[in-house]
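Colleague:
Numbering (the UniProt record's numbering), first residue to last: 1 to 544.
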């Protein structure tokens, strides 16, 4: 599990992340080795060492690594703190966009060394019991160190198991509630060493007064972070429009005062009527130039389904035909009024009047992510798979606004947008946006390519053959750009991009499944030139 995670992290990232990962692994090994050397020769524990031997040394050395990891593990989940740091020069050295991956890495390291620590102490308990001390079972499960240690270990195991994607994606509620066992873990950690089962030669223990110092800095920062989230989320928000798209995808437009966001950033959203304590991340699909914020939510879990139904959506199974692009409130006349035009600027001019009773929502954010760096490159290569296309809706809108605003120029001079979907209905989510971009992009600043990887039935194939004429709109998407059937040939695409853009920094931005993440990350490594005169690919992936 942890090995696969490290492998994915290594393959899917650039040299900056790989270097940081290597540095972290070296730090873990260095602290562990120094701990072994220290407790092997330190005079303070000579009596205990003569009685327990190497198992004492391993237990103490592994505990030292756990202390270091616990001191750090809360920092990556302080979203406000990370968003501030990623806008500083430190971002050139530290991959802040991988903050969640680093948090997971710390968790895996704590679990690994906790198991080493536990097994070593099992051996210590056997030796103490054989020497005439309390029984093994008493020391393991009834003594202060044994009881608190097992409570911490069970809490840690539950947090790691429920954080796996197979559970987190399908049962987010289980993950969310279980992950708050970190409070139990930190409480047990604070008092665990204070029982002083293995005493130094002096007979005096000072661990009880020092264990809290390891996590107090990150703990205080995390507490401040949670308070800030609560204050931000209580600012007034109003749902102004809800649109149900195909594939059980719901678009939600929200008006919020005192709001400023960059293209591609994300928010956390809570609906108290569904769950008071659950906050779910969503990428913004609205541009900073617009007067509202919007998200596209796919109903893939209990919470999203309950929220969509509360908004008035009529969800259907995949086997049934879905209604596409219709407002879920259109059945009630005069409930939603909107100004619609064919221009992309209509997104900014639209005004909504919502008279239907809709649930109250709390919004926290926005928070920085990889997509907001798209304007730092000469060429942007955007790849969205399925619902992973959402961050690029905001990016494309913002790019269009900037390209058409003479006073707001950027370094960006060419944009490639690749949209990969399994179902043809997915292309209808942002069809009007993409058509508006194509119609008004006279200089071909943005190049759009759509790929359909799923199969079409006989009627759909017949419709494509009858309506797909060269030089006309694509039969599936309605765009001037043709739809490609099958998966992209990334080798050919990257080679072509290298030929078309020599001596250029290309920013590759991806949001989607891990399998494609690994492929694109590896392609960026293989195709990047080592010299400044060649084409260099910089890989950026959305992480939540």
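Ideal placement from N, C-alpha and C gives every residue a C-beta, glycine not left out.
Out of 149, 296, 539, which has the shortest C-alpha to C-alpha gap to residue 114?
Modeller: Counted from its first residue, the chain shown places residue 114 at position 114. Ranking 149, 296, 539 by Cα distance to residue 114 puts 149 first.
Colleague: Here's a check: name, in chain order, each residue in its chain whose Cβ is nearer than 6 Å to the Cβ of residue 136, leaving out the five neighbours to either side.
Modeller: Position 136 of the chain shown, counted from the first residue, corresponds to residue 136. Setting aside the 5 residues that flank it on each side, residue 136 is surrounded in the same chain by 125, 126, 129, each with a C-beta closer than 6 Å to its C-beta; the list follows chain order.
Colleague: Measuring straight from C-alpha to C-alpha, what distance separates residue 37 and residue 27?
Modeller: Numbered from 1 along the chain shown, position 37 holds the residue referred to as residue 37. Numbered from 1 along the chain shown, position 27 holds the residue referred to as residue 27. So the alpha carbons of these two residues sit roughly 15 Å apart.
Colleague: Taking the continuous alpha helix (DSSP H) assigned at residue 48, which residues delimit it?
Modeller: Here the question's residue 48 lines up with position 48 in the chain shown. Residue 48 -> alpha helix (DSSP H) spans 46-52.
Colleague: Would you tell me roughly how many angstroms separate the C-alpha atoms of residue 381 and residue 416, rounded to the nearest one?
Modeller: The count along the chain shown starts at 1 and reaches residue 381 at position 381. The count along the chain shown starts at 1 and reaches residue 416 at position 416. About 5 Å.
Colleague: Between the Cα of residue 284 and those of 188, 302, 388, 375, spot the shortest distance and give me the residue it belongs to.
Modeller: The residue you call residue 284 lines up with position 284 of the chain shown. Ranking the options by Cα distance to residue 284, first place goes to 388.
Colleague: Kindly indicate which three-state DSSP category residue 514 falls into: helix, strand or coil?
Modeller: Your numbering for residue 514 matches position 514 in the chain shown. Helix, per DSSP.
Colleague: Using CA coordinates, which residue listed in 497, 533, 419, 501 is at the minimum distance from residue 482?
Modeller: Working through the chain shown from its first residue, we reach residue 482 at position 482. Comparing Cα positions, the closest option is 419.
Colleague: Between the beta-carbon of residue 258 and the beta-carbon of residue 83, is there less than 8 Å?
Modeller: For the purposes of this step, residue 258 is taken as residue 258 along the chain shown, with counting starting at 1. For the purposes of this step, residue 83 is taken as residue 83 along the chain shown, with counting starting at 1. No, the pair does not count as a contact, with Cβ atoms beyond the cut-off.
Colleague: Quick one: grab the DSSP three-state call for residue 547.
Modeller: Look at the range of the chain in this structure, 1 to 544, and you will see that residue 547 is not part of it.
Colleague: Enumerated in chain order, which unbroken segments of the alpha helix (DSSP H) with a length of 4 residues or greater are wholly contained in the stretch 133-162?
Modeller: 136-141, 144-162
Colleague: Which term fits residue 104, buried or exposed, when burial requires 16 or more other beta carbons within 10 angstroms of its beta carbon?
Modeller: Walking along the chain shown from the start, residue 104 turns up at place 104. Answer is buried; the Cβ neighbour count reaches 16.
Colleague: Would DSSP call residue 447 helix, strand or coil?
Modeller: Reading the chain shown from its first residue, position 447 is the one you call residue 447. The answer is strand: DSSP assigns residue 447 an E or B state.
Colleague: Beta-carbon of residue 72 versus every beta-carbon of chain D: anything under 8 Å?
Modeller: Included in the structure is just one protein chain, with no chain D present.
Colleague: If I follow the unbroken alpha helix (DSSP H) through residue 120, where does it start and stop?
Modeller: As a first step, residue 120 is located in the chain shown; it is residue number 120 there, counting from the start. Looking at the DSSP string, the run of the alpha helix (DSSP H) that includes residue 120 is 99-130.
Colleague: Tell me, please, which residues DSSP counts as bridged to residue 270.
Modeller: In the chain shown, the residue the question calls residue 270 occupies position 270. Secondary-structure assignment with DSSP links residue 270 through a beta bridge to 362.
Colleague: I'd like to know whether the C-beta atoms of residue 509 and residue 383 end up nearer to each other than 8 Å.
Modeller: Numbered from 1 along the chain shown, position 509 holds the residue referred to as residue 509. Numbered from 1 along the chain shown, position 383 holds the residue referred to as residue 383. Yes, these two residues count as a Cβ contact at 8 Å.
Colleague: Measuring only the C-alpha atoms, how far is residue 156 from residue 534?
Modeller: Taking the first residue of the chain shown as position 1, residue 156 is located at position 156. Taking the first residue of the chain shown as position 1, residue 534 is located at position 534. Distance between the alpha carbons of residue 156 and residue 534: 47 Å.
Colleague: Which residues bound the beta strand (DSSP E) around residue 562?
Modeller: Residue coverage of the chain in this structure runs from 1 to 544, which leaves residue 562 outside it and unanswerable.
Colleague: In the DSSP assignment, find the unbroken beta strand (DSSP E) run with residue 380 in it and report its ends.
Modeller: For the purposes of this step, residue 380 is taken as residue 380 along the chain shown, with counting starting at 1. Start and end: 379-385.
Colleague: Using only alpha-carbon positions, find the residue among 112, 30, 494, 436 that is nearest to residue 446.
Modeller: Translated into the one-based positions of the chain shown, residue 446 becomes position 446. Answer by Cα proximity: 436.
Colleague: Could you round the C-beta distance between residue 32 and residue 55 to whole angstroms and report it? I think they count as a contact, below 8 Å.
Modeller: The residue labelled residue 32 in the question sits at position 32 within the chain shown. The residue labelled residue 55 in the question sits at position 55 within the chain shown. About 15 Å separates the two Cβ atoms, so there is no contact after all.
Colleague: Please determine, among 123, 522, 39, the residue with the shortest C-alpha to C-alpha distance to residue 631.
Modeller: Given a span of 1 to 544 for the chain in the structure shown, any question on residue 631 remains unanswerable.
Colleague: Once DSSP output is grouped into helix, strand and coil, what is the label at residue 499?
Modeller: Here residue 499 refers to the residue found at position 499 of the chain shown. Reduced to three states, the DSSP call for residue 499 is helix.
Colleague: Given a cut-off of 8 Å, decide if residue 281 and residue 268 are closer than it, judged by their beta-carbon atoms.
Modeller: Numbered from 1 along the chain shown, position 268 holds the residue referred to as residue 268. Numbered from 1 along the chain shown, position 281 holds the residue referred to as residue 281. Residue 281 is positioned such that its CB atom lies closer than 8 Å to that of residue 268.
Colleague: Using only CA atoms, which one of 375, 523, 517 lies nearest to residue 493?
Modeller: One-based indexing of the chain shown puts residue 493 at position 493. Per the Cα distances, 523.
Colleague: Within a Cβ cutoff of 7 Å, which residues of the same chain sit near residue 145, ignoring the five residues on either side of it in sequence?
Modeller: Position 145 of the chain shown, counted from the start, is the residue given in the question as residue 145. Answer for residue 145: 192, 195, 197, listed in chain order.
Colleague: Measuring alpha carbon to alpha carbon, tell me which of 512, 514, 495 ends up nearest residue 506.
Modeller: Here residue 506 corresponds to residue number 506 of the chain shown, with the count starting at 1. Of the listed residues, the one whose Cα sits closest to residue 506 is 495.
Colleague: Just mark residue 360 as buried or exposed, buried being the case when its beta carbon has 16 or more other beta carbons within 10 Å.
Modeller: Residue 360 sits at position 360 when you count from the first residue of the chain shown. Its Cβ having fewer than 16 others within 10 Å, residue 360 is exposed.
Colleague: Near residue 158, what residues of its chain come up, given a Cβ to Cβ distance below 7 Å and the 5 sequence neighbours on each side ignored?
Modeller: Position 158 of the chain shown, counted from the start, is the residue given in the question as residue 158. Contacts found: 178, 181.
Colleague: Have a look at the DSSP bridge pairing and note the partners of residue 540.
Modeller: The residue given as residue 540 occupies position 540 in the chain shown. According to DSSP, which records beta bridges pairwise, residue 540 is partnered with 509.
Colleague: Straight-line CA distance for residue 175 to residue 139?
Modeller: Looking up residue 175 in the chain shown gives position 175. Looking up residue 139 in the chain shown gives position 139. Distance between the alpha carbons of residue 175 and residue 139: 32 Å.
Colleague: Given a cut-off of 8 Å, decide if residue 427 and residue 393 are closer than it, judged by their beta-carbon atoms.
Modeller: Your numbering for residue 393 matches position 393 in the chain shown. Your numbering for residue 427 matches position 427 in the chain shown. Not in contact: residue 393 and residue 427 (Cβ atoms no closer than 8 Å).
Colleague: Rounded to whole angstroms, what's the CA-CA distance from residue 74 to residue 298? Just pull it up for me.
Modeller: Taking the chain shown and counting its residues from 1, one reaches residue 74 at position 74. Taking the chain shown and counting its residues from 1, one reaches residue 298 at position 298. Taking the straight line from one Cα to the other gives about 29 Å.
Colleague: Measuring only the C-alpha atoms, how far is residue 333 from residue 296?
Modeller: Taking the first residue of the chain shown as position 1, residue 333 is located at position 333. Taking the first residue of the chain shown as position 1, residue 296 is located at position 296. Unreliable positioning characterises residue 333 in this predicted model, as indicated by a pLDDT of 26, which lies under 50. The coordinate reading is nonetheless provided below. Cα to Cα, the separation comes out at about 24 Å.
Colleague: Of the choices 166, 255, 302, whose alpha-carbon is the least far from that of residue 293?
Modeller: To locate residue 293, count along the chain shown from 1; it is residue 293. Looking at the Cα atoms, 255 is the closest of the given residues.
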